[in-house]
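Heads up: take any position in the sequence shown, counting from 1, add 97, and you land on the working numbering. To keep things clear, I will list the structure first and then write my remarks on it.
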Amino acid sequence: MTSSEIREAFLDYFRARDHEFVPSAALIPQDDPTLLFTNAGMNQFKSLLLGQERRGYVRATNSQKCMRVSGKHNDLEAVGRDGRHHTFFEMLGNWSFGDYYKQDAIKWAWEFLTSEMGLDKEKLLISIYKDDDESFRIWNEDMGVPAERIHRLGDIDKGDEENFWSMGDTGPCGPCTEIHFDQGPALANGDERPLGENDSDRYLEIWNLVFIQYDRDDAGKLSPLPLQSVDTGMGLERLAALKQGVTSNYGTDLFTPILDWVARESGCDASDPEQRVSMQVIADHVRALVFAVADGGRPGNDGRDYVLRRILRRAAFHGRQLGFTEPFLHRCTEVVIEIMSDHYAELGSAKEHLQRVIRIEEERFNETLDRGLQRFGEFADEARTRGDKQITGQQAFMLHDTFGFPLDLTEVMAEEGQLSVDAAGFSEHMEEQRARARAAGKFRAADRGEEWNWFAGEPGADRDAVRFVGYESLQVECTALGTRELGAGEFEISLDPTPFYAESGGQVGDRGEIAGQGLSLEVLDTQPGGGGPVSRVRLLEGKLEDLEGAELVATVDSDKRRATVRNHTATHLVHAVLHDQLGSHATQAGSLVNEEKLRFDFHHDSALGRELLDSIESEVNRQVLDDCEVHRHVDVPIDEARKMGAVAMFGEKYGDTVRVIEVPGHSTEFCGGTHCERTGQIGMIRITGESAVGAGIRRIEAVTGQVAINLAQADHGLVRDLAERLSARPDELVTRLQSLQDELKSLRGDLQDARREQAGDEVAGLVSSAELVGEVRFVARLVQVADRNGLMDMADELREGLKSGVGVLAAAVDGKGVLLVVVTDDLIGKGVKAGDLVKELAAIAGGTGGGRPHLAQAGTREIDKLDDAIAAARDVVAARLQA
Numbered sequence: 098m099t100s101s102e103i104r105e106a107f108l109d110y111f112r113a114r115d116h117e118f119v120p121s122a123a124l125i126p127q128d129d130p131t132l133l134f135t136n137a138g139m140n141q142f143k144s145l146l147l148g149q150e151r152r153g154y155v156r157a158t159n160s161q162k163c164m165r166v167s168g169k170h171n172d173l174e175a176v177g178r179d180g181r182h183h184t185f186f187e188m189l190g191n192w193s194f195g196d197y198y199k200q201d202a203i204k205w206a207w208e209f210l211t212s213e214m215g216l217d218k219e220k221l222l223i224s225i226y227k228d229d230d231e232s233f234r235i236w237n238e239d240m241g242v243p244a245e246r247i248h249r250l251g252d253i254d255k256g257d258e259e260n261f262w263s264m265g266d267t268g269p270c271g272p273c274t275e276i277h278f279d280q281g282p283a284l285a286n287g288d289e290r291p292l293g294e295n296d297s298d299r300y301l302e303i304w305n306l307v308f309i310q311y312d313r314d315d316a317g318k319l320s321p322l323p324l325q326s327v328d329t330g331m332g333l334e335r336l337a338a339l340k341q342g343v344t345s346n347y348g349t350d351l352f353t354p355i356l357d358w359v360a361r362e363s364g365c366d367a368s369d370p371e372q373r374v375s376m377q378v379i380a381d382h383v384r385a386l387v388f389a390v391a392d393g394g395r396p397g398n399d400g401r402d403y404v405l406r407r408i409l410r411r412a413a414f415h416g417r418q419l420g421f422t423e424p425f426l427h428r429c430t431e432v433v434i435e436i437m438s439d440h441y442a443e444l445g446s447a448k449e450h451l452q453r454v455i456r457i458e459e460e461r462f463n464e465t466l467d468r469g470l471q472r473f474g475e476f477a478d479e480a481r482t483r484g485d486k487q488i489t490g491q492q493a494f495m496l497h498d499t500f501g502f503p504l505d506l507t508e509v510m511a512e513e514g515q516l517s518v519d520a521a522g523f524s525e526h527m528e529e530q531r532a533r534a535r536a537a538g539k540f541r542a543a544d545r546g547e548e549w550n551w552f553a554g555e556p557g558a559d560r561d562a563v564r565f566v567g568y569e570s571l572q573v574e575c576t577a578l579g580t581r582e583l584g585a586g587e588f589e590i591s592l593d594p595t596p597f598y599a600e601s602g603g604q605v606g607d608r609g610e611i612a613g614q615g616l617s618l619e620v621l622d623t624q625p626g627g628g629g630p631v632s633r634v635r636l637l638e639g640k641l642e643d644l645e646g647a648e649l650v651a652t653v654d655s656d657k658r659r660a661t662v663r664n665h666t667a668t669h670l671v672h673a674v675l676h677d678q679l680g681s682h683a684t685q686a687g688s689l690v691n692e693e694k695l696r697f698d699f700h701h702d703s704a705l706g707r708e709l710l711d712s713i714e715s716e717v718n719r720q721v722l723d724d725c726e727v728h729r730h731v732d733v734p735i736d737e738a739r740k741m742g743a744v745a746m747f748g749e750k751y752g753d754t755v756r757v758i759e760v761p762g763h764s765t766e767f768c769g770g771t772h773c774e775r776t777g778q779i780g781m782i783r784i785t786g787e788s789a790v791g792a793g794i795r796r797i798e799a800v801t802g803q804v805a806i807n808l809a810q811a812d813h814g815l816v817r818d819l820a821e822r823l824s825a826r827p828d829e830l831v832t833r834l835q836s837l838q839d840e841l842k843s844l845r846g847d848l849q850d851a852r853r854e855q856a857g858d859e860v861a862g863l864v865s866s867a868e869l870v871g872e873v874r875f876v877a878r879l880v881q882v883a884d885r886n887g888l889m890d891m892a893d894e895l896r897e898g899l900k901s902g903v904g905v906l907a908a909a910v911d912g913k914g915v916l917l918v919v920v921t922d923d924l925i926g927k928g929v930k931a932g933d934l935v936k937e938l939a940a941i942a943g944g945t946g947g948g949r950p951h952l953a954q955a956g957t958r959e960i961d962k963l964d965d966a967i968a969a970a971r972d973v974v975a976a977r978l979q980a
């Protein structure tokens, strides 16, 4: 059976047993910032398994795209070296949410493997948790598996959680039973130990059935759950290997076309063990890259982006080991897409984007790879000379910081050279760099060097000491909790409650005023502090000491706030439209929202043309005109927010509940900022710029509201003025301007021809008046030209007209003096060079110059000295001829 047939057989089997087919969740979990990559089939069903949500089904099945490259689920180091571990794989699964339990789960798993897949029952072994007598009975009595082939493993009381699943230290958990296939003693490497102790490839785990039946408390006590569920997972790659009669996943039809391509394109020896490892690393990694980038990931410096960068660079390094000298991974993606696109149609539509992202990243790494390899070689030689055979932490950090080598890549290279790497030392250097970055990145007020660190949150500080009421009110009565003098008449103040929004999520902080009991303060900015918003103020009236206990009124600058919220809501609409028109990869990379404009950075590799920008602007304005209500969902449990489809920004930290801003049918995002009540309040949006801000990051800038109206009026006024000046209707302007440009181009050509003719006549006169210096024809003259090009044309014609001789021309061009010297080829051979002559003449004219033997030029600010240079030219040439 092909892998596609196996996948469909599995899904059909469970569909026939009333399981709802649920499409695979994206590999990049856009709605879960706590998760780097989707690493198990149960990720999208977490809320169902916890009993927090109900859907229109209680049974489900799918084939889930998974990546395991971090934490306890990290298979990266084993990839390529054995036949069963991968970064990316497909997990076939079936689930019961409070419906069937152990009996049916075990029965259907056994039936599918033995009847549908035809696996030999005698080669299947079972593991269960040590106390799970119910599962033992089902396997032994109902399925007919002999007791000697059922192995009891694990003991949570002794810290051994083998065959016992848990979501965390506390919470839902339960025993699991695993189905293994005995591949025979030939794969045991002499290890005769039984299942559970044997680390060889002999016993291949195929399917894991998890029975979620307990709730574990802080003391470790297990209590039965009211809702018992089933979560199962089976690797498609492993099942395909068994069905296709191979002992390695790399021998299946999921990998062999990729391996064949790599061997053919590189010319490597596939039978060589080390080269085979490199081939398998590439085959695995390119699959991971294809699916991750297609689902919105991209190589970068942080979080999941850095994981993808590591994967790509590992693959590129192994490609270099095989003989690839140019970027190749983007070409290899063709094979992956061909294999997988029947089931994952999104790969075809994302093909151009993912190939471009992968090619650009590999090209960038290739620029430093050769130099990095050379530097590593030097470090390796030093290690062998020292005798410790270790790459130091500082050296590993230097390879990372300068050449982009991930630590694990350096470790792979070191291992190949029988060396080790000081990983602890590397981590110390990385932490030092992070500390420097943190220190450099602390907020500093624009007008002073002092850090904003008041209320930074000392141990025990109440981080919710200040009540922020600025969502509901722009003016409140309040008191001062504390102040701190900054000098120059400014200080920081914490108010309770406060209407002032503290800068966060790209939105700038509020300004405004505070008044009461003879006090008047101007609020210049508001920033987050350890106990809540902290405002920077200037004291206009009163004394600082009078603030204590004073009854105050705080008022937000409403014009600024309204302009800011227009831009913030518009930013959400722009983000959603970019996602729709460019693809799922066009996710937020940064933003700035203030009263003047919005700035939105997003992931994309190429510039947006005018036509596309107009389309984006038109769609956002359509949504503005629709005057959609903007919904604010407050204190939403984070799982419920994800269910709503809310977009979370990776890297942002969220609590158990979140605030969600929704424009129904258009945009849903996690957001703590301030927003319009309806999209119509935005007024209109005008995109004012689009540019690149980094590798794979584009930036859109736009204005809204009155600023956009002012810009539109200015543009209209400009069009009106141009139409009047050109005596044309507005719709005729482009044609009229093109006609004028064509006419201007023609006139410039005529003028150039006239100047050349005039210069030709003048040059002819110069040639006819040439005098002899010795036996050499010589001309030196101060001439009038329109520009430097005209002087160059005269010099070229003079050199040609002289046939054999030296010419010196001088002219005033754009307020500066210019000297040109030409020498014919026959004289160059006799040692007379234009560059030497012009240097002497430039010195006389108070300037500098140089050039080639046949043509050289000089410049001077002292135009009046050009006459001196021309007068001296004959003697300078004569001296050179005599020399």
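Every residue gets a Cβ at the ideal spot worked out from N, C-alpha and C, and that includes glycine.
Nearest-angstrom Cα separation, counted from residue j out to residue i
i	j	result
residue 269	residue 232	19 Å
residue 294	residue 285	12 Å
residue 820	residue 687	41 Å
residue 593	residue 631	10 Å
residue 300	residue 628	56 Å
residue 933	residue 850	33 Å
residue 57	residue 565	Outside the displayed range of the chain (98 to 980) lies residue 57, so it cannot be described from this structure.
residue 495	residue 676	38 Å
residue 450	residue 715	24 Å
residue 99	residue 689	51 Å
residue 681	residue 738	19 Å
residue 549	residue 770	Here residue 549 scores only 37 on pLDDT, less than 50, and its place in the model should not be relied on; the value that follows carries that caveat. So the alpha carbons of these two residues sit roughly 21 Å apart.
residue 138	residue 623	44 Å
residue 660	residue 646	33 Å
residue 410	residue 510	13 Å
residue 604	residue 644	29 Å
residue 982	residue 584	Lying before the first or after the last residue shown, residue 982 is absent from the chain, which here runs from 98 to 980.
Contact with chain C by residue i, beta-carbon distance below 7 Å
i	result
residue 688	Annotation note: the requested chain C is absent from the structure, which comprises a single protein chain.
DSSP state of residue i mapped onto helix, strand, coil
i	result
residue 704	coil
residue 450	helix
residue 657	helix
residue 463	helix
residue 492	helix
residue 64	Nothing about residue 64 can be read from this structure; the chain reaches only from 98 to 980.
residue 846	helix
residue 125	coil
residue 198	coil
residue 78	Beyond the ends of the chain as shown, which are 98 and 980, falls residue 78; an answer cannot be given.
Which residues DSSP lists as bridging residue i, in chain order
i	result
residue 72	No answer is possible for residue 72: it lies beyond the span of the chain, which begins at 98 and ends at 980.
residue 580	590
residue 572	652
>> If we require 4 or more residues per run, which alpha helix (DSSP H) segments fall completely within the stretch 341-406?
In response: If only uninterrupted alpha helix (DSSP H) runs of at least 4 residues are considered, those enclosed by the stretch 341-406 are 353-363 and 370-391.
> Counting pairs of beta carbons, one from the stretch 805-813 and one from the stretch 776-790, are three or more of them closer than 8 Å?
Replying inline: These segments touch.
>> Measuring CB atoms only, is the stretch 809-818 touching the stretch 690-710, in the sense that at least three cross pairs come out at less than 8 Å?
In response: By the Cβ criterion, the stretch 809-818 is not in contact with the stretch 690-710, since fewer than three pairs of Cβ atoms, one from each stretch, lie closer than 8 Å.
> With a cut-off of 8 Å, do at least 3 Cβ pairs link the stretch 565-573 to the stretch 644-664?
Replying inline: Contact holds: three or more Cβ-Cβ distances are below 8 Å.
>> With three or more C-beta pairs closer than 8 Å as the rule, is the stretch 322-329 touching the stretch 275-284?
In response: With the cut-off at 8 Å, the stretch 275-284 and the stretch 322-329 do not touch.
> Does the stretch 756-772 come within contact of the stretch 723-735, defined as at least 3 CB pairs closer than 8 Å?
Replying inline: These segments touch.
> Which residue spans inside the stretch 782-829 form an unbroken alpha helix (DSSP H) run of at least 4?
Replying inline: Fully contained in the stretch 782-829 are the following alpha helix (DSSP H) runs of length 4 or more, in chain order: 802-823.
> Are there three or more Cβ pairs, one per stretch, closer than 8 Å when the stretch 420-438 is compared with the stretch 398-405?
Replying inline: Flag = no, the stretch 420-438 and the stretch 398-405 do not touch.
> Do the stretch 201-214 and the stretch 255-262 make contact, defined as three or more Cβ pairs closer than 8 Å?
Replying inline: No: fewer than three Cβ pairs fall under 8 Å.
> Taking three-plus beta-carbon pairs below 8 Å as touching, is the stretch 302-311 in contact with the stretch 153-167?
Replying inline: A contact is defined here as three or more CB-CB pairs under 8 Å, and the stretch 302-311 fails this definition with respect to the stretch 153-167.
> Counting Cβ pairs closer than 8 Å, one from the stretch 830-837 and one from the stretch 856-870, do we hit at least three?
Replying inline: The stretch 830-837, when compared against the stretch 856-870, does not touch it at the 8 Å Cβ threshold.
>> Would the stretch 476-490 count as touching the stretch 505-523 if we require 3 or more Cβ pairs under 8 Å?
In response: Yes, they touch.
>> Taking contact to mean 3 or more Cβ pairs, one atom from each stretch, closer than 8 Å, check whether the stretch 141-148 and the stretch 354-371 are in contact.
In response: Taking a contact to require three or more Cβ pairs closer than 8 Å, the stretch 141-148 and the stretch 354-371 do not qualify as touching.
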